[in-house]
Each structure stands twice: as structure tokens, then as C-alpha cells.
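In mature numbering (1 follows the signal peptide of the UniProt record, and there is no 0), the protein residues as written are -21 to -1, 1 to 239. First the structure, in the form of C-alpha cells, and then the observations on it.
Following this line, the structure appears as C-alpha cells:
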């Protein structure tokens, strides 16, 4: 009799453990490749630098911090990035001097409230850019809207956002501009392999006087569990700029990314 009770108890424990393992497996399978667990943070810091000497002397540095927070009802994201470039030139007196030829800092914060349907969200976004040598030396945006996932598979996803906003900016000529905008944005992720990820992002803010667009194409490859190498091409475009400025600024970068 005692052995029968022991056998029944062991069988019950085995079934219980098996159910728990199955639940854990289902939870892992239900997590999409670009999601993070509820109640946690996902942060990445990237840095790239180029120094040249000889006939051409200069230094350029680019960096970015991207922090995402996932809560039961909210998804939050905070981004800070910076870029500067310094070149050595010869002035009218024949002296070699270093001059800053690029200096841009940007920061943004987005809070998205999750709706009942999967990947349906209402968001509010605030961003600010200081660009000393850009067509707009200052550019601030406040936008609200609706975001949804248009496509999802085991290795690809496409997210789209749209909504109204307001911008305030100062162009290189010192003229201030502000007004209402309509903002649209899209982000595509493609997990090429266990160690490689391709991303494409684009955002367009259309106002009464200017259309402001930002796009980035990037390919990241893992070096180890926390380090990645990222190659990216980004472009910023404004339809209305001062006569001595170009409409589009581009940047090609190769950076190391540390995720934690």
C-alpha cells in the first residue's frame, strides 16, 4: 500500500513538473523575436570614431543610447544621440587650425499605451534636435497618434504610426518657424539569422511650410552575447532650407553596439 501511495505521488509530481515545463516552453514560443519581457528594460549603447592623419587630418565621433521599457500597459522608449566632426584646415595666414564642421545632438521620448488588440497603441512623442551646421539649427516636435503592427512573422515585423503634431524650429538664417504637422512613421525589422538583423526606419512630418524626413538603413551582426557591429546609412531631408544649405544631409557609420 505504501509503495502504491509513493508511486501515485511521484506520478503527480511528474505531471505537475511536465505541465510547468510546457507552460515555460509556450511562454518562450509566444515571445516574438523583437519583443522584451514585461517589467524589464532593453538598452543599447553604440559608439563609433574615425581619426585620420597625413594629407587629411580630422576626427569624427558618433554615439547613441536607445532604452526601451516594457510594462503591463505601457511601452516606453528613450533615445539620445550625438555626432561631431572636426577637421584640420589652413587659414589665410598659412596656419593649421582645427575647425568643427559638424555638431548634432538629439533626444526623444515616446510613451505608448497598449490597447486591447495586440500591438495596437496610442502614443505621445517628444523630440528635440540641435544641429549647429544643419539647415535647421533647432527643431522640436510634439506628436500624438496611433500605432499598429501591419505585418508579423517569425523573423520579420512592420510597425506603422500616424497622427497629428506640432513643430517649432529655427533655421540657419535665424528665422523661427512653427505650426501643425501630420506625422507618419514606419519601422521594419528582419532577423536574417541568429546573429544578423536588418532594420529600416522612416518618419515624415509634413507641415504648412516644410516637410521634415528622417530615414535609416542598418545591418547589425552579433560579435558575442552583448556586443554587435552595426553598419548604417541615414538621411535627413527638409524641403524648405536657406539658399546656402542643401536639402539633404547623409551619414554613413560603422559602430560597436553594447546591449544590456
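Yeah, the Cβ is synthetic: ideal placement off N, Cα and C, and Gly gets one too.
- Residue 224 and residue 23 have their C-alpha atoms spaced approximately 33 Å apart.
- Residues 215 of the same chain have their beta carbon placed closer than 6 Å to that of residue 228, with the five preceding and five following residues left out of the count.
- Distance between residue 184 and residue 71, taken at the CA atoms: about 42 Å.
- In this structure residue 81 touches residue 64 by the C-beta definition: roughly 4 Å separates them, less than 8 Å.
- For residue 184, the enclosing beta strand (DSSP E) stretches over residues 175 to 186.
- Take residue 155, set aside five residues on each side of it, and the residues of its chain with a beta-carbon closer than 7 Å to its own are 149, in chain order.
- With contacts defined as CB atoms closer than 9 Å, residue 91 and residue 57 fail to qualify as a contacting pair.
- In this structure, DSSP gives residue 225 a state outside helix and strand, which the three-state scheme calls coil.
- Taking C-beta separations shorter than 6 Å and ignoring five residues to either side along the sequence, the partners of residue 140 in its chain run 124, 126, 164, following chain order.
- In the structure shown, residue 16 adopts coil according to DSSP, grouped into three states.
- The residues 136, 137, in chain order, have a CB closer than 7 Å to that of residue 130 in the same chain once the five nearest residues on each side in sequence are set aside.
- In the three-state DSSP reduction, residue 50 falls in the coil class, being neither helix nor strand.
- Within the DSSP secondary-structure output, residue 94 pairs in no beta bridge.
- Counting only the Cα atoms, residue 211 lies some 7 Å from residue 233.
- Boundaries cannot be given for residue 111, as no beta strand (DSSP E) includes it and DSSP labels it neither H nor E.
- Take residue 219, set aside five residues on each side of it, and the residues of its chain with a beta-carbon closer than 7 Å to its own are 188, 189, in chain order.
- Taking a 10 Å sphere around the C-beta of residue 50, we find fewer than 16 other C-beta atoms and assign the residue as exposed.
- Residues of the same chain with a CB within less than 6 Å of the CB of residue 83, apart from the 5 flanking positions on each side, are 62, 110 in chain order.
- Bounds of any beta strand (DSSP E) do not take in residue 219, whose DSSP letter is neither H nor E.
- Residue 32 has its alpha-carbon roughly 43 Å from the corresponding atom of residue 186.
- Three or more pairs of CB atoms, one per stretch, sit closer than 8 Å, so the segment 174 to 181 contacts the segment 192 to 208.
- The Cβ atoms of residue 26 and residue 37 lie no closer than 9 Å to each other.
- Spanning the alpha carbons of residue 230 and residue 55 requires a straight line of approximately 27 Å.
- Across the set 67, 28, 52, the C-alpha of 67 shows the shortest separation from the C-alpha of residue 34.
- The C-beta of residue 174 has fewer than 16 other C-beta atoms within 10 Å across all chains shown, which makes the residue exposed.
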